[in-house]
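For the sequence shown, this note's numbering begins at 3 and goes up steadily by one. We treat Cβ as the ideally placed atom computed from N, Cα and C, and that holds for glycine. For clarity, every value in this text was computed on a predicted model and none was experimentally measured. Here's the structure we're looking at; comments come further down.
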Amino acid sequence: MIPPIISAFLTYTLITALTPGPNNIIALSMATQYGFRRSARVLGGIAVGFLITMLFCAIFTYSLVSMLPSVTGWMRWIGAAYVLWLAWRIARSSPPTSDNDVPPLSFWNSIFLQFVNIKIILYGITALSTFVLPYTRDLASIFGVSIILTIIGCFGNMCWALAGHGFQTLFRQHGRIVNNILAALLIYCAVRMFV
Numbered sequence: 003m004i005p006p007i008i009s010a011f012l013t014y015t016l017i018t019a020l021t022p023g024p025n026n027i028i029a030l031s032m033a034t035q036y037g038f039r040r041s042a043r044v045l046g047g048i049a050v051g052f053l054i055t056m057l058f059c060a061i062f063t064y065s066l067v068s069m070l071p072s073v074t075g076w077m078r079w080i081g082a083a084y085v086l087w088l089a090w091r092i093a094r095s096s097p098p099t100s101d102n103d104v105p106p107l108s109f110w111n112s113i114f115l116q117f118v119n120i121k122i123i124l125y126g127i128t129a130l131s132t133f134v135l136p137y138t139r140d141l142a143s144i145f146g147v148s149i150i151l152t153i154i155g156c157f158g159n160m161c162w163a164l165a166g167h168g169f170q171t172l173f174r175q176h177g178r179i180v181n182n183i184l185a186a187l188l189i190y191c192a193v194r195m196f197v
């Protein structure tokens, strides 16, 4: 890749990784409710699922470029439904307390959720089809970029988790308001998939 393409790629990926999305809001919510240490398995599951999803995106983008518009349309609806389900769950959840006995999401659930997370699917497909495939068809480069996409995405998740951990006391005091704001952000994410 040439420097202007690398610059555009990094701008796109960092902005996408740091804006609200299902993974970032889950990371924030889990760290707020359970602290950073107890949320580690959720973050680990997100990272593993993210990598697997990026590798799938690389394979599909590479081999099914002509079918992307129809696949993207279906995945958009599935992803929007998933994001709205997350919004509903967060809005209905009780505010976090210091003695929360309900365990956080499991490692495996965190992995599974990545396969229906339209934001990261579109993130991977867009980055690969816009910034990589026009310049190279080398599979090693494509898979290398998939790993870079995972690292950048997980950086965004970690930032949101650290924010949740850092503001844990504030979030516990105003839990209902925080949950409603997080749910509204997820609804915004679902709407942005179509607008």
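- About 3 Å separates the CB atoms of Gly47 and Ser112; that is less than 8 Å, so the two are in contact.
- In terms of Cβ geometry, Ile122 and Thr55 form a close pair [threshold 7 Å].
- Between the alpha carbons of Ile120 and Gly126 lies a distance of about 10 Å.
- Non-local C-beta neighbours of Leu30 in its own chain, meaning closer than 8 Å and more than five positions away in sequence, comprise Trp162, Ala163, Ala165, Gly166, Leu184, ordered along the chain.
- Here the alpha carbon of Arg43 sits roughly 37 Å from the alpha carbon of Pro136.
- At a cut-off of 4 residues, the continuous stretches assigned as alpha helix (DSSP H) that sit fully inside the segment 133-178 are 141-168, 170-175.
- Residue environment analysis places Pro6 among the exposed positions, since fewer than 16 neighbouring C-beta atoms fall within 10 angstroms of its C-beta.
- Remark: C-beta atoms of Leu53 and Thr152 approach each other more closely than 7 Å.
- Here DSSP, grouped into helix, strand and coil, assigns Leu86 to helix.
- In this structure, Gly51 lies near Gln116, with their beta-carbon atoms less than 7 Å apart.
- Ranked by Cα distance from Trp110, the first of Tyr14, Leu45, Val193 is Leu45.
- Taking C-alpha positions only, Leu57 is separated from Val180 by approximately 34 Å.
- Look at Ser112 here: in three-state DSSP terms it is helix.
- The Cβ atoms of Leu130 and Ala60 sit closer than 7 Å to each other.
- Using a Cβ distance threshold of 7 Å, Gly155 and Asn26 do not count as a contacting pair.
- Taking the Cα positions, Val134 is about 39 Å away from Gln35.
- Of the candidates Phe114, Arg40, Trp90, Arg139, Arg40 places its Cα closest to the Cα of Pro106.
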